[in-house]
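Residue numbers (our numbering): 13 to 378. These notes concern the structure reproduced below.
Below, the structure is given as structure tokens:
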């Protein structure tokens with residue numbers, strides 16, 4: 013029996029992103045004494061228990077709690093299947109949730125906290141808002157036992173965030189518009205004037221730009237993106253929407269799509285194919301434990317399961333997500349590369365505000 017409540021969706025705006033960044037500065041000044049320690053106080057009592065004893069305590073506590081609240085950014089169709097799968101193992105946990113873009117999720121959490129309302133237990137976010145939320149004092153450090161085998165580049169050493177899946181970034185192109193041999197093969201190829209007006213970028217791609225600026229160096233990176241902007245890309249919000257307009261032929265390609273979605277559409281007959289640039293960007297989605305989680309046992313069970321081989325096997329084999337754990341069979345092995353350029357919260361850090369403004373300045377109309 014499915015006990016997940018109806019999924020909610022909200023489409024964020026670009027202005028929301030800008031308002032969100034203003035909140036980061038305010039919340040960095042929030043005194044920690046105003047924040048409770050519900051989750052950490054409960055879970056630290058289990059630290060010295062054996063794995064079996066700890067699991068038993070978590071289950072007992074979760075049965076008493078009976079529910080969990082999840083705020084996140086993962087696609088609605090996949091969230092529902094994740095919750096259904098989790099409930100097969102823990103049917104006594106009723107899941108309520110809110111789904112939106114990173115900025116809206118961030119704003120909801122911080123707005124509730126300013127009103128001394130602590131509702132959320134588990135949070136999933138893309139890198140752009142993770143650092144600000146962790147620095148606000150609203151996230152607990154949580155070293156899940158399942159975290160041990162996660163690839164090091166997909167988590168922080170202090171336990172505030174851990175990726176449970178990662179999204180290799182690809183160029184997705186329409187195969188009726190562009191032949192395979194003619195498709196752009198590198199970042200530099202995108203600057204060819206022949207592509208003017210023929211591709212799309214996402215209004216949320218500032219985190220990708222910031223990561224490449226950190227990798228290339230600011231001077232070279234800014235010059236590159238100014239040249240890219242001169243090719244007049246259309247700006248759209250949403251990776252799935254971009255993949256759809258590429259498939260429809262409205263644009264010929266989009267260089268920063270999530271690979272799993274393009275290949276998923278290709279399998280159903282869409283005229284799409286992918287190219288992976290070097291370095292291959294990877295955008296993780298991170299799990300975070302709310303510091304003041306009202307259902308800490310249920311939250312810990314969910315995070316532990318989601319990061320475990322069983323949880324990640326479901327993510328990759330069933331949903332087609334790439335996961336930061338080796339040894340599992342990937343649904344789309346063509347997205348695997350020896351090393352990714354990870355869009356990392358700690359590398360973006362406090363510079364994300366600058367990258368966001370710069371992205372909007374370069375790609376006018378965002």
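Note that beta-carbon positions come from the ideal geometry of N, C-alpha and C, so glycine has one too. Quick caveat, the model's predicted, so the values are computed rather than measured.
8 Å CB neighbourhood of residue i in its chain, flanking five on each side removed
i	result
residue 364	33, 140, 143, 144, 218, 219, 222
residue 353	223, 224, 227, 291, 292, 293, 294
residue 104	74, 75, 78
residue 241	374, 375, 376
residue 197	287, 289
residue 328	177, 334, 335, 340, 341, 342, 343
residue 320	158
Residue(s) in a DSSP beta bridge with residue i
i	result
residue 184	266, 286
residue 280	In the DSSP output, where bridge partners are listed per residue, residue 280 has none listed.
residue 293	353
residue 136	299
residue 334	178
residue 152	301
residue 248	214
Pair within 8 Å by beta-carbon distance, residue i and residue j
i	j	result
residue 121	residue 91	no
residue 269	residue 355	no
residue 280	residue 175	no
residue 200	residue 359	no
residue 137	residue 85	yes
residue 187	residue 96	no
residue 180	residue 299	no
residue 303	residue 123	no
residue 173	residue 195	no
residue 154	residue 301	yes
residue 98	residue 134	no
residue 255	residue 332	no
residue 309	residue 61	no
residue 156	residue 316	yes
residue 58	residue 306	no
residue 212	residue 248	yes
residue 203	residue 267	no
Cβ neighbours of residue i in the same chain (closer than 7 Å, five flanking residues each side left out)
i	result
residue 189	261, 264
residue 165	354
residue 161	337
residue 19	Because the pLDDT at residue 19 is just 42, under 50, the model does not fix this residue reliably, and the value given afterwards should be weighed accordingly. So the list reads 88, 91, 92, 109, 111, once near-sequence residues are dropped.
residue 251	214, 269, 270, 273
residue 35	Because residue 35 sits at a pLDDT of 44, beneath the cut-off of 50, its placement in the model cannot be relied upon, and the following sentence gives the value as read from the coordinates. Closer than 7 Å at Cβ, skipping near neighbours: 119, 122.
residue 5	As shown, the chain starts at 13 and ends at 378. That puts residue 5 outside it, with no answer to give.
residue 278	284, 285
residue 237	221, 374
residue 318	176, 299
residue 192	285
Own chain partners of residue i with C-beta closer than 6 Å, once the 5 adjacent residues on each side are dropped
i	result
residue 362	none
residue 371	218, 221
residue 283	186, 187, 188
residue 275	344
residue 48	Only weak support is given to the placement of residue 48: the predicted model assigns it a pLDDT of 40, under 50, and the question is left unresolved by the model.
residue 152	51, 52, 301, 303
residue 72	none
residue 45	Note that residue 45 scores a pLDDT of 29, beneath 50, so its modelled location is shaky and nothing firm can be said.
residue 233	224, 225
residue 38	Note that residue 38 scores 39 on pLDDT, short of 50, meaning its location in the model is unreliable and no value can be drawn from it.
residue 357	139, 142, 143
Query raised in the report: Just checking, does the stretch 321 to 337 make contact with the stretch 60 to 80 on the three C-beta pairs under 8 Å criterion?
Result: Look at the beta carbons and you see the stretch 321 to 337 not touching the stretch 60 to 80: under three pairs across the two are nearer than 8 Å.
Requested in this report: With a floor of 3 residues, list each beta strand (DSSP E) that falls wholly inside the stretch 160 to 246, ordered by position along the chain.
Outcome: Every unbroken stretch of the beta strand (DSSP E) spanning 3 or more residues and falling wholly within the stretch 160 to 246 is given here in chain order: 174 to 186, 212 to 214.
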